[in-house]
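*Asks:* Residue numbers (the numbering used here): 27 to 133.
In this text, a Cβ means the ideal position worked out from N, Cα and C, and glycines have one as well.
Computed from a predicted structure; not experimentally measured.
Quick one: the structure is below, questions incoming.
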Amino acid sequence: MNTDRLLRACTVAEAQLSSQTALLVLCKFGKTEVEGGGFRSLIARALELSVPVLIGVPLINLLPFREFSAGLAREMDLSEIVSSPLTAAERLLSHWSLMSETKTEVA
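This is the structure:
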């Protein structure tokens, strides 16, 4: 993997991100993210802007992802998404709405 290109892609994506972004979809929370780099800053910025993030997480990286997400994640098994993508998207967005309402109440 070319980490320079990944960093540039993250920088460009982060610059385009706004509170009007409906959803950020990323391929996976991989080795680079586990090590503290990669998409981590992009994910954090999306969450700061209340933009939901959909990202695949390999089982080997699940524990580091859980530590990174600090309870903000809604985990779904891949079979749920594949069998009914629309239902899965609705569940994810409804979870995000609840999280945003909680955030608003706390703020």
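Are the stretch 32-41 and the stretch 62-75 in contact at 8 angstroms, needing three or more beta carbon pairs?
*Replies:* Touching, yes.
*Asks:* Considering Cα atoms alone, identify which of LEU89, ILE69, ALA115, GLY82 is closest to LEU43.
*Replies:* With distances taken between Cα atoms, LEU43 lies closest to ILE69.
*Asks:* Just the Cα atoms here: how many angstroms apart are GLU106 and ILE86?
*Replies:* Approximately 20 angstroms, taken between the alpha carbons.
*Asks:* Taking all protein chains shown into account, decide if GLY97 is buried (16 or more other Cβ within 10 angstroms of its Cβ) or exposed.
*Replies:* GLY97 is exposed by the Cβ-count criterion.
*Asks:* Which residue's Cα is closest to the Cα of LYS57: GLU74, PRO84, ALA48, THR47?
*Replies:* Nearest option by C-alpha distance: PRO84.
*Asks:* Assign LYS129 to one of three DSSP states: helix, strand, or coil.
*Replies:* For LYS129, the predicted structure reports a pLDDT of 46, less than 50, and the residue's modelled location is therefore unreliable. A value from the coordinates is still provided. Helix, per DSSP.
*Asks:* I need the DSSP call for VAL79, collapsed to helix, strand or coil.
*Replies:* DSSP places VAL79 in strand when its eight states are reduced to three.
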